[in-house]
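The opening position of the sequence shown corresponds to residue 9 in the working numbering, with each subsequent residue numbered one higher. Glycine included, C-beta positions come from ideal geometry on N, C-alpha and C. On a predicted model such as this, the values are computed, not experimentally measured, just so you know.
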Amino acid sequence: MKITRFYLSIIALPAILNCTAQKKVAPLLPVLKDVFWNDFSVGTALSALQIEGRDHKADSLVKKQFNVLTPENSMKSMFLQPEWGKFDFRIGDRLTDYAAKNNMQVVGHTLIWHSQLPAYAQTIRSKDSLQAFFNNHIRTVAAHYDKKVLGWDVVNEALNEDGTMRPSIFQRLLGDDFVTEAFRLAQEASPNSELYYNDYNNEQPAKRAGAIRLIKKIQGAGVRIDGVGIQGHWHIGKVPFDDIEKSILEYSALGIKVMFTELDIEVLPRNFTGAEVNQRMRNTNDTALNPYTAGLPDSVQKQLADDYAQLFRLFLKHRDKISRITFWGVNDGQSWLNGWPVPGRTNYPLLFDRNYQPKPAYYAVIATKQQ
Ligand code: G3I
Numbered sequence: 009m010k011i012t013r014f015y016l017s018i019i020a021l022p023a024i025l026n027c028t029a030q031k032k033v034a035p036l037l038p039v040l041k042d043v044f045w046n047d048f049s050v051g052t053a054l055s056a057l058q059i060e061g062r063d064h065k066a067d068s069l070v071k072k073q074f075n076v077l078t079p080e081n082s083m084k085s086m087f088l089q090p091e092w093g094k095f096d097f098r099i100g101d102r103l104t105d106y107a108a109k110n111n112m113q114v115v116g117h118t119l120i121w122h123s124q125l126p127a128y129a130q131t132i133r134s135k136d137s138l139q140a141f142f143n144n145h146i147r148t149v150a151a152h153y154d155k156k157v158l159g160w161d162v163v164n165e166a167l168n169e170d171g172t173m174r175p176s177i178f179q180r181l182l183g184d185d186f187v188t189e190a191f192r193l194a195q196e197a198s199p200n201s202e203l204y205y206n207d208y209n210n211e212q213p214a215k216r217a218g219a220i221r222l223i224k225k226i227q228g229a230g231v232r233i234d235g236v237g238i239q240g241h242w243h244i245g246k247v248p249f250d251d252i253e254k255s256i257l258e259y260s261a262l263g264i265k266v267m268f269t270e271l272d273i274e275v276l277p278r279n280f281t282g283a284e285v286n287q288r289m290r291n292t293n294d295t296a297l298n299p300y301t302a303g304l305p306d307s308v309q310k311q312l313a314d315d316y317a318q319l320f321r322l323f324l325k326h327r328d329k330i331s332r333i334t335f336w337g338v339n340d341g342q343s344w345l346n347g348w349p350v351p352g353r354t355n356y357p358l359l360f361d362r363n364y365q366p367k368p369a370y371y372a373v374i375a376t377k378q379q
């Protein structure tokens with residue numbers, strides 16, 4: 009059944025490409041989740057609007073193309089526990105119900121992150137209070153979604169670029185061991201979910217070494233960790249393929265799954281790498297920073313497609329070590345990169361355009377299975 013769906017997609021590809029080029033009939037698109045069915049799951053992040061079912065075009069695309077969903081924001085602590093001790097599971101539950109109904113899985117994002125904390129948690133100054141928030145949040149949320157999510161990004165972005173521990177509110181008040189403790193609590197409350205450490209730039213050598221130390225520490229404490237998420241917020245023409253390959257090999261040598269959890273390839277000018285949400289660019293009124301408001305030039309479109317193709321060739325080479333590839337958004341219009349690190353730009357980082365139509369990058373990714 010799985011194999012048949014896959015081969016139908018591949019066999020139909022030339023005809024599909026031809027139809028698309030001539031715009032004669034509505035094309036029958038190959039399907040990402042089927043094409044890569046035997047390799048890894050293919051996911052997308054959903055906005056709250058999409059989870060609430062208010063983006064119908066996204067809805068039909070998502071049901072068709074993807075088999076695993078991550079809430080872009082809705083399961084972060086500021087939304088799940090907006091008031092101390094009061095949990096709001098409505099949107100998260102809607103997502104897990106939707107996924108179950110449509111034969112998809114959900115990855116919870118994220119139990120412990122220093123960013124997007126509820127306002128009351130940001131002002132906590134005592135170790136005891138933060139420990140109480142930390143324990144109760146993980147226990148309550150992880151238990152609520154046990155058996156309903158495939159896995160959790162248990163801790164997000166605990167490292168500095170040099171691989172040392174980031175001085176977040178959790179590290180400062182609870183100490184470096186907060187990461188291991190988060191995994192211990194999550195494992196107790198949610199024995200049926202996979203547990204992941206997730207970060208950006210953790211394919212880079214120093215940060216990767218820090219992540220490996222962290223993972224070994226968790227394992228050394230006898231606590232379960234099932235996977236590592238490399239977010240994959242990269243830039244056109246500068247995707248670090250060698251470091252990505254080294255990372256796949258080094259992380260999987262620890263006996264854990266490797267996944268690419270927030271994939272997008274930015275096409276606009278930027279003077280730094282990564283996804284540190286507090287980092288911004290200056291001179292935001294400079295129109296040179298927003299060059300493609302009228303559309304993406306063919307040459308850039310092609311470079312984007314080439315980068316995605318090279319990336320997926322690498323993913324396929326290591327398909328035995330990679331469990332999931334998740335794009336950070338359904339289409340270009342939704343991407344967080346339209347608003348960061350410069351507000352109000354027109355970015356093109358994903359496989360589907362603002363009209364929910366597949367881009368050359370989409371076909372290039374599909375075609376990697378034919379090579
Ligand atoms: O909730 C408020 C809403 O009340 C208000 O009306 C609206 C007005 O702007 O803002 C809403 O908050 C926004 C929030 O997303 C929820 O929609 C914030 O402004 C906006 O900054 C925030 O951005 C998110 C960002 O995380 C925050 O750190 C992005 O959508 C989301 O894509 C991004 O995702 C992160 C991952 O979780 C972790 N890795 C990096 C990645 C990219 O930053």
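Ligand 1 and Ser-270: does any heavy atom of the ligand fall closer than 8 Å to the residue's C-beta? Stepping through the sequence shown from its first residue, residue 270 is reached at position 262. It is Glu, not Ser, that sits at residue 270 in the sequence shown. True, at least one ligand heavy atom lies under 8 Å from that Cβ.
Does the beta-carbon of Phe-280 have 16 or more other beta-carbons within 10 angstroms, so that it is buried, or is it exposed? To locate residue 280, count along the sequence shown from 1; it is residue 272. Phe-280 comes out exposed.
Going by beta carbon distance, what residues of the same chain come within less than 7 Å of Ala-313, once the five residues before and after it are set aside? Start at 1 with the first residue of the sequence shown, and residue 313 comes out as number 305. Contacts found: Pro-368, Ala-369 and Ala-372.
Please find out if some non-hydrogen atom of ligand 1 comes closer than 8 Å to the beta-carbon of Tyr-208. Counting from one through the sequence shown, the residue named residue 208 turns up at place 200. Within the cutoff, so yes.
Between the C-alpha atoms of Asp-105 and Phe-268, what's the straight-line distance to the nearest angstrom? Against the sequence shown, residue 105 aligns to sequence position 97. Against the sequence shown, residue 268 aligns to sequence position 260. Asp-105 and Phe-268 have their alpha carbons spaced roughly 24 Å apart.
Hey, Leu-182 and Lys-135 are a contact pair by Cβ (cut 8 Å); roughly how many whole angstroms apart? Within the sequence shown, numbered from 1, the residue matching residue 182 stands at position 174. Within the sequence shown, numbered from 1, the residue matching residue 135 stands at position 127. 7 Å between Cβ atoms; contact.
Straight-line CA distance for Arg-321 to Val-50? Translated into positions along the sequence shown, residue 321 becomes position 313. Translated into positions along the sequence shown, residue 50 becomes position 42. Approximately 15 Å between the Cα atoms of the pair.
Between which two residues does the alpha helix (DSSP H) containing Val-157 stretch? The sequence position of residue 157 within the sequence shown is 149, counting from 1. It is not in any alpha helix (DSSP H) - Val-157 carries neither H nor E in the DSSP assignment.
DSSP-derived helix/strand/coil call for Trp-344: As a working mapping, residue 344 is identified with position 336 in the sequence shown. Helix at Trp-344.
Look up Ile-333 in the DSSP assignment and give the residues it is bridged to. Indexing the sequence shown from 1 puts residue 333 at position 325. According to DSSP, Ile-333 bridges with Val-50 and Phe-268.
On the three-state DSSP scale, how would you describe Tyr-204? In the sequence shown, the residue the question calls residue 204 occupies position 196. Three-state result, Tyr-204: strand.
Could you have a look at Pro-199 and say whether DSSP puts it in helix, strand or coil? What you label residue 199 is simply residue 191 of the sequence shown in a count that begins at 1. Three-state DSSP puts Pro-199 in coil, outside helix and strand.
Buried or exposed: Gly-245, going by 16 or more other Cβ atoms within 10 Å of its Cβ? Residue numbering aside, residue 245 sits at position 237 when the sequence shown is read from its first letter. Classification of Gly-245: exposed, given that the 10 Å Cβ count is below 16.
Would you say the beta carbon of Ser-55 comes nearer than 8 Å to a heavy atom of ligand 1? Counted from its first residue, the sequence shown places residue 55 at position 47. At least one heavy atom of ligand 1 is nearer than 8 Å to the Cβ of Ser-55, so yes.
Trp-45 to Val-266, Cα distance in whole Å? Position 37 of the sequence shown, counted from the start, is the residue given in the question as residue 45. Position 258 of the sequence shown, counted from the start, is the residue given in the question as residue 266. Cα atoms of Trp-45 and Val-266: separation of roughly 17 Å, rounded to the nearest angstrom.
Is it the case that the Cβ atoms of His-243 and Arg-278 are separated by a distance below 9 Å? On the sequence shown, position 235 is the one that residue 243 refers to. On the sequence shown, position 270 is the one that residue 278 refers to. Judged by beta-carbon spacing, Arg-278 lies within the 9 Å limit of His-243, meaning their Cβ atoms are closer than that value.
What I want to know is whether the C-beta of Thr-118 ends up closer than 8 Å to one or more non-hydrogen atoms of ligand 1. The residue labelled residue 118 in the question sits at position 110 within the sequence shown. The answer is yes for Thr-118.
Output needed for Ala-317: all residues of its chain with C-beta closer than 6 Å, excluding positions within five of it in sequence on either side, in chain order. As a position in the sequence shown, residue 317 is number 309, starting the count at 1. Excluding residues within five positions, the ones whose Cβ falls inside 6 Å are Ala-372 and Thr-376.
Heavy atom of ligand 1 less than 8 Å from the Cβ of Ser-123, yes or no? Counting from one through the sequence shown, the residue named residue 123 turns up at place 115. Under cutoff, so the answer is yes.
Is Gln-318 near ligand 1, with its Cβ less than 8 Å from a heavy atom? Taking the sequence shown and counting its residues from 1, one reaches residue 318 at position 310. Distance from the C-beta of Gln-318 to the nearest heavy atom of ligand 1 is not below 8 Å.
Taking C-alpha atoms, which residue in Lys-329, Ile-59 and Glu-80 lies nearest to Leu-257? The count along the sequence shown starts at 1 and reaches residue 257 at position 249. Taking only the C-alpha atoms, the option nearest Leu-257 is Lys-329.
Measuring alpha carbon to alpha carbon, tell me which residue in Lys-94, Gln-89, Arg-98 and Asp-47 is nearest Ile-59. Mapped onto the sequence shown, residue 59 falls at position 51. Here the closest residue by C-alpha is Arg-98.
The region 137-153 touching the region 70-77, judged by at least three CB pairs closer than 8 Å: At 8 Å Cβ cutoff, the stretches do not touch.
Say yes only if the C-beta of Asn-164 is nearer than 8 Å to one or more non-hydrogen atoms of ligand 2, and no if none qualify. With respect to ligand 2, the structure offers nothing, as its ligand set consists of ligand 1.
Three-state secondary structure (DSSP) of Glu-253: Mapped onto the sequence shown, residue 253 falls at position 245. Three-state DSSP puts Glu-253 in a helix.
Return no unless some Cβ of chain D is closer than 9 Å to the Cβ of Ser-123. Absent from the structure: chain D. Only one protein chain is present.
8 Å contact criterion, which Asp-161 and Gly-93 should meet: CB distance rounded: Residue 161 sits at position 153 when you count from the first residue of the sequence shown. Residue 93 sits at position 85 when you count from the first residue of the sequence shown. Not a contact, Cβ separation roughly 23 Å.
In three-state terms, what does DSSP make of Leu-262? As a working mapping, residue 262 is identified with position 254 in the sequence shown. Residue state for Leu-262 is assigned as coil, using DSSP reduced to three classes.
Hey, how far is the Cα of Asp-47 from the Cα of Asn-291? Position 39 of the sequence shown, counting from 1, holds the residue named residue 47. Position 283 of the sequence shown, counting from 1, holds the residue named residue 291. Going by the C-alpha atoms only, they are around 43 Å apart.
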